[in-house]
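These notes are about the structure you will find just below.
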Amino acid sequence: MTGIEMIKFFNTMDRKLEEFKPIHPNEARMYTCGPTVYNFAHIGNFRAYMFEDLLRRTLKYFGYKVTQVMNLTDVDDKTIRDSQAANMSLNDFTAQYKKSFFEDLETLNIEPAEMYPAATGHINEMIALIEVLVEKGYAYQADDKSVYFSIAKFPEYGKLAKIDLENQRSGVRIKNDEYAKDSVADFALWKAWDENDGDVHWESPWGRGRPGWHIECSAMAMRYLGKTFDIHTGGIDNMFPHHEDEIAQSEAANGCTYVNYWLHCAHLMVEGDKMSKSAGNFYTLRECVEKGYDGRELRWVLLGAHYRKKLNFTFAACDQARVALNKFAELFARLKDIKAEGDGSEAEEIVLKAKHAFENGLADDLNISEALAAVFGLQHDANKILNSNNLSKAGAEMILAQYRKFDEVFALFEVDAVKEEVVPAEVMEMAEKRCAARVAKDWATADAMRDQLKELGWVVEDSSDGFKVKKI
RNA sequence: GGCGUGGUAGCCAAGCGGUUAGGCAGUGGUCUGCAAAACCAUCUAGAUCGGUUCGACUCCGUUCCACGCCUCCA
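Sequential numbering from 7 applies to the first sequence in the numbering used here.
Following this line, the structure appears as structure tokens:
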């Protein structure tokens, strides 16, 4: 069993690599900004969830007990707007996208968080938190009946994003006069009902309305993880204002540090550009699956670059992922065929080398490239021993066991998965006829049939003990 | 305007002040009736101009280019 060793993370708060020291020994409590459930999540969203999966799996690999809370934003401008457009109740409307979100997580083999609290289930906690802020003088109800957080009352505002509000572009998009807020930068904690909200509203000490977006994360994180917890993750674009606002309201209310380690994931690009609907490079996970890529291939691609670097998603990369995964599958099959006697000592060195490189990579702020290099390195080393016929069954088992360990974090190899492709009877029949032609050394017929199978979308590969049929 | 990130071989992508990153593609080979698959080998870069140094892809500065955030987009 791998013990806990030093793990370093890049903390956005001070922009430095820091050794991870949890509040509770051997335990990591983390909060993750989850989806707004108004549509299918796209692959950019999943890059962030994939990073968080890598993070939680790595922590578990190193022996930490992980408690991860991921919120579901099921009430906001977009969910209200789109549920009305769909002529559905807010609950019914968001329920379908919550469901699809969990299906997508499963497709990508993303390990479930311990809790998925929904905003609409925690209105009371949010109201209670806002009440504290009002009592302490950090929040006020404006003429428009909404309750705002007063940034002027929290001097540390901007410490995460390193934003100095004095130097910000002002007046470009916001006409100050249109707002009832004391200051443009003040953000809504409670939004007073207006007719656009329809029947979506809750009662509160400030009248009917609904919570602002930021307060939900603070309220739910506090409820399930405590006033101070270890790790808060999210996309880089949520750093400001969302996470900054979370800090302000949480620390103002509690008088203590909200989060010890802030980890932010960079954006996903598509074919070199920012993903956008207008550019036509906007993909949901489902669309990628429809294009024929499976969850493991997409997982490989989304995991492919360090989380703090922009990742360029391309379908060429998906094809490469397929090739790579096939080679590993091939290796596992070869290893499982080994029968030779021996104590396995011939594999010890290469396995240990790979294990150390893998762990060093992960412990260094989740350096996925280093970890992957270790995984490929073991593939290469294992093949060399295989080719020299010096590998014993015990050695092969040792290597396979190491890949199972790798998979605790990568969840890509599925060392023991048996993937049986359903080959249609007519394809199988033709392949068998071709095999007979080969046995009869009728190469012309055999080659013609191979071409025919190819046209049907199947490739046939000969081997010493027969043939294999695979879908193209 | 303010703050910030990055530019590495055909493509993707790391570490590192001097010693092979890794993957994909390509090329050569093994295997095969021919293929395919797989395996082995190989290809060896650091936007620009300066500086520091015995030595820089790695440190400092310049220029150029790309990108992100600046009120609710992971």
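Beta carbons: idealized from backbone N, C-alpha and C, even for Gly. From a predicted model like this one, the values you see are computed outputs, not experimental measurements.
The residues Arg302, Glu303, Trp306, Leu418, Phe419, in chain order, have a CB closer than 8 Å to that of Leu331 in the same chain once the five nearest residues on each side in sequence are set aside.
Looking only at Trp464, Asn97, Lys104, Lys84, the smallest Cα-Cα distance to Pro430 is reached by Trp464. Taking the Cα positions, Ala360 is about 30 Å away from Trp268. Bounds of any alpha helix (DSSP H) do not take in Ala198; it lies within the beta strand (DSSP E) bounded by 193–198.
Unbroken alpha helix (DSSP H) runs of no fewer than 4 residues, entirely contained in the segment 183–260, are found at 219–231, 250–260, following chain order.
Nearest to Ala34 by alpha-carbon distance, out of Phe235, Ile86, Pro247, is Phe235.
Taking the C-beta atoms as reference points, Gly40 is found nearer than 8 Å to Leu78. One thing to note: Ala225 has its Cβ no nearer than 8 Å to the Cβ of Met76. By the neighbour-count definition (other C-beta atoms within 10 Å, threshold 16), Glu252 is a buried residue.
In this chain, the beta strand (DSSP E) harbouring Glu33 covers 33–38.
When DSSP states are grouped into helix, strand and coil, Gly401 belongs to the helix group.
CA-to-CA, the gap between Ala186 and Ala423 works out to about 60 Å.
The DSSP assignment places complete beta strand (DSSP E) segments of no fewer than 3 residues inside the segment 42–115 at 71–76, in order along the chain. Three or more Cβ pairs drawn from the segment 357–377 and the segment 12–28 lie within less than 8 Å of each other, which places the two stretches in contact.
Per DSSP, reduced to three states, the secondary structure at Phe416 is helical. In this structure the segment 18–33 touches the segment 234–248; the number of beta carbon pairs closer than 8 Å is three or more. Beta-bridge partners assigned by DSSP to Glu24: Phe15.
Non-local beta-carbon contacts of Glu467 in its own chain, meaning distances under 6 Å to residues more than five positions away in sequence, involve Lys474 in chain order. Per the C-alpha coordinates, the member of Arg456, Arg328, Ser375, Ala443 positioned closest to His312 is Ser375.
About 6 Å separates the beta carbon of Leu195 from that of Ala145, a gap short enough to meet the 8 Å contact definition. Rounded to the nearest whole angstrom, the CA to CA distance from Leu291 to Ile478 is 21 Å.
A straight line joining the alpha-carbon of Val81 with that of Glu137 spans about 20 Å. Assignment of Leu317 by DSSP, reduced to helix, strand and coil, places it in the strand class. Shown here, Gly367 sits in a helix according to DSSP, grouped into three states. Leu166 and Glu250 do touch by the CB rule: their CB atoms are close to 5 Å apart, below 8 Å. Secondary-structure assignment with DSSP links Val381 through no beta bridge to anything.
In the assembly as shown, Arg410 is an exposed residue. Its beta-carbon has fewer than 16 other beta-carbons within 10 Å.
By the Cβ rule, the segment 349–360 counts as touching the segment 395–414, because three or more pairs are nearer than 8 Å. In the three-state reduction of the DSSP assignment, Ser156 falls in the coil class. For the pair Ala92 and Glu222, the CB atoms are not nearer than the 8 Å cut-off. DSSP places Ala134 inside the alpha helix (DSSP H), whose first and last residues are 129–141. Annotation: Leu65 to Glu365 spans about 11 Å, alpha carbon to alpha carbon. As summarised for the segment 257–305, the continuous beta strand (DSSP E) elements at least 3 residues long and confined to that stretch are 265–271, 274–276, given in chain order. From the listed residues Gly278, Met436, Ala363, the smallest Cα separation to Ala322 is found for Gly278. By the CB criterion at 8 Å, Ile157 and Ala191 fall inside the cutoff.
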